Amino acid sequence: MATSAPSVSPSPVLVPHAGQGGGSTAVVGLQWGDEGKGKIVHLLTESHDAVVRYNGGANAGHSVVVRGERFALHLVPSGILHAGVPAIIGNGVVIDPDQLLKEIHTLESRGVDCGNLIISDRAHVVMPWHKAEDEARERWLSEGSLRPIGTTKRGIGPCYADKVQRGTAIRVGDLVRPELLRERLKVICPLKTTVLAALAAPGHPAEVYDAQHVANQCAAWALQLGRHVRDTSALLLEMLAAGKRALFEGANATLLDVDHGTYPFVTSSTCIAPGIATGAGVPMNVVGSILGVVKAYSTRVGGGAMPTELAGELADYIRQRGREFGTTTGRPRRVGWLDLVAVRYAARLNGATGLSVMLLDVLAGLDELKVCTAYQTPQGRVDAFTPDGAWLDHAKPVYQTLRGFSGDLGSARRLGELPPGARAYLDLIENVVGVPIRFVSVGPDREQTIEVA
Ligand code: IMP
-5 MATSAPSVSP SPVLVPHAGQ GGGSTAVVGL QWGDEGKGKI VHLLTESHDA VVRYNGGANA
55 GHSVVVRGER FALHLVPSGI LHAGVPAIIG NGVVIDPDQL LKEIHTLESR GVDCGNLIIS
115 DRAHVVMPWH KAEDEARERW LSEGSLRPIG TTKRGIGPCY ADKVQRGTAI RVGDLVRPEL
175 LRERLKVICP LKTTVLAALA APGHPAEVYD AQHVANQCAA WALQLGRHVR DTSALLLEML
235 AAGKRALFEG ANATLLDVDH GTYPFVTSST CIAPGIATGA GVPMNVVGSI LGVVKAYSTR
295 VGGGAMPTEL AGELADYIRQ RGREFGTTTG RPRRVGWLDL VAVRYAARLN GATGLSVMLL
355 DVLAGLDELK VCTAYQTPQG RVDAFTPDGA WLDHAKPVYQ TLRGFSGDLG SARRLGELPP
415 GARAYLDLIE NVVGVPIRFV SVGPDREQTI EVA
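In our numbering, the protein residues as written are -5 to 447.
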């Protein structure tokens, strides 16, 4: 990216640069989540024919600002805010029906039509016992003097565990087969009651799950969600065969990926771009462009190491300016300098073809900025990332220091309108990560976006 003579289109056309493969696009977070993926998905939706979630559940929180109005979405794909574009929840997602219905009702009460929401019959249902087990496991870890994961307590891990265990799992398609489900619940409910009783804290008896009561609850969900349910893999394959383009919206993020994140402080799904194939039921080669979304600094919610973490006034400054409080749990997010060792790893792992740098405006007003470009470890200085929580505990950041920048970046629409310090910051990101920057976000509104040609 040449910042001296920037080549920028005057009004964003918002089509990411295609890679080698098909015409579809992936949007994936390259840090620990909350990078601002929702805004980018919203921007790119108009150049695609469907928006698809392929992983995670209501642990994710995407906030999108449309004409000054903020929408917080957890399960519904951000593309729902574009009328007429199918918003698909793929089979790789775990669905809490109460949460989904709450979101649908809130959206509809604000005038957003959810008729285009389509839910995979093969997505798994987060049941009440999953949330109870999530809570109980976290308590067992901390009382047993292990660090808890710091989960969102949305039942994500136990639901995915049941999916893999099979016999006791419930899929969305089961909700619309009540007779079969009723028989299964007669076995599942006593089993879950027994397991939860064994995990219960002394003096806090666990819930007893009554099969009839749960069946009635499932019937109520089916009544309200049934019209949205279908085989979304078949639908997508049909659309793709007809030359349509899908936008795959990653939830959570690369460093939270169950296999390639900072295990065990991760979520339970495949967040990275390859998760699209299994989580949406499409071939890998349909995705030609992979946009890696990077916040201009680091944040993390929950447990696990974060080498560049800041404390005190500096952390508060960034947290307040960036509104760094969880969309899902309201927890204040941990804040730190940008960690390019981690981002470069994430970009390579996903095969990112472009970067989108978010919340650059938040850093304005600081005298100097630090960026981590290597780690000091017990084995010496390294510039490669090891996706392992225990390894990361001993990684100390090695920083490059840059002069800060000031002013209101929110009105910049071209790279050339950014202060030189901000452009130098972007150049460093691009050079260290080795992937071209395609978008720079300088404020929450859609218009506050610089598209780099
Ligand atoms: P779980 O996904 O609720 O099991 O939580 C596992 C870890 O991932 C916790 O540290 C959560 O805070 C974190 N996490 C899950 N989803 C997100 C997200 O969308 N943004 C940020 N952190 C997340």
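All residues carry an ideal CB built from backbone N, CA and C; glycine is no exception. These numbers come from a predicted model, not from an experiment.
According to the Cβ coordinates, are valine 335 and leucine 304 closer than 8 Å?
no
Contacts around alanine 406, its chain only, beta-carbon distance under 7 Å, and the 5 residues preceding and following it disregarded
Leu412, Val436 and Ile444
Give a yes or no on whether the C-beta atoms belonging to glycine 149 and lysine 186 are separated by under 8 Å.
no
If distances are taken between C-alpha atoms only, which option among Met233, Val21, Ala341 and Tyr48 comes closest to glycine 86?
Tyr48
For glycine 244, which of helix, strand or coil comes out of DSSP?
coil
When the Cα atoms are used, what is the spatial distance from alanine -1 to proline 430?
Confidence is the limiting factor: at alanine -1 the pLDDT is only 35, short of 50, which leaves the residue's position unreliable, though a coordinate-based value still follows. Straight-line Cα distance between these residues: approximately 16 Å.
Would isoleucine 82 pass as a contact of valine 120 if the rule is Cβ separation under 8 Å?
no
How many Å lie between proline 152 and glutamine 373 at the Cα?
36 Å
Proximal residues to proline 80 (C-beta, below 6 Å), its chain only, five neighbours per side dropped
Ala44, Asn110 and Ile112
Own chain residues within Cβ distance below 6 Å of alanine 236, not counting five before or after
none
Counterpart residues of proline 326 in DSSP-defined beta bridges
Phe319
Of the listed residues Trp385, Glu318 and Ala54, nearest to serine 292 (C-alpha basis):
Glu318
I need the straight-line Cα distance from serine 3 to alanine 214, nearest angstrom please.
Bear in mind that a pLDDT of 37 at serine 3, under 50, signals an unreliable position, so the model cannot answer this.
Judging by CA-CA distance, which residue of Arg141, Gly359, Ile74 and Val21 is the nearest neighbour of cysteine 108?
Ile74
Would you mind reading off the limits of the alpha helix (DSSP H) that contains methionine 352?
Per DSSP, methionine 352 belongs to no alpha helix (DSSP H); it is in the beta strand (DSSP E), 348 to 352.
With distance defined between alpha-carbon atoms, name the residue in Thr39, Gln159, Ala274 and Pro381 nearest to leucine 231.
Ala274
Pop quiz: proline 258 and leucine 386 are said to be a contact at Cβ under 8 Å. What is the actual Cβ separation, rounded to whole angstroms?
Contact doesn't hold; Cβ gap of about 11 Å is too wide.
Taking DSSP as the reference, what is the three-state secondary structure of aspartate 115?
coil
Are there 16 or more other CB atoms within 10 angstroms of the CB of histidine 198, so buried, or fewer, so exposed?
exposed
So, with DSSP's three-state summary, where would you put glycine 84?
coil
The ligand IMP and threonine 367: does any heavy atom of the ligand fall closer than 7 Å to the residue's C-beta?
no
Where does glutamine 394 land, buried or exposed, given buried means 16+ other C-beta within 10 angstroms?
exposed
Please report the straight-line C-alpha distance between valine 434 and phenylalanine 399, rounded to a whole angstrom.
16 Å
If you pair each beta-carbon of the stretch 172 to 187 with each one of the stretch 209 to 225, do three or more pairs fall below 8 Å?
yes
From valine 166 to aspartate 156, what does the alpha carbon distance come to, in whole angstroms?
14 Å
Pick from Gln25, Asp355, Asp28 and Leu37: whose alpha carbon is nearest that of arginine 432?
Leu37
Alpha carbon to alpha carbon, how far is leucine 179 from aspartate 28? Give it in angstroms, no decimals.
36 Å
Buried versus exposed, by CB contacts within 10 Å (16 or more), aspartate 333
buried
Enclosing alpha helix (DSSP H) for proline 199 [first to last residue]
Counting along the chain, proline 199 falls outside any alpha helix (DSSP H), and DSSP gives it neither H nor E.
Give the DSSP bridge partners of phenylalanine 65, in chain order.
Val58
Could you give the residue range of the alpha helix (DSSP H) that holds glycine 415?
414 to 427
Check: glycine 297 C-beta below 7 Å from any heavy atom of the ligand IMP
yes
Do the stretch 189 to 203 and the stretch 126 to 139 touch if we need at least three Cβ pairs shorter than 8 Å?
yes
Restricting to runs no shorter than 4 residues, where is the alpha helix (DSSP H) found entirely within the stretch 245 to 285?
269 to 274
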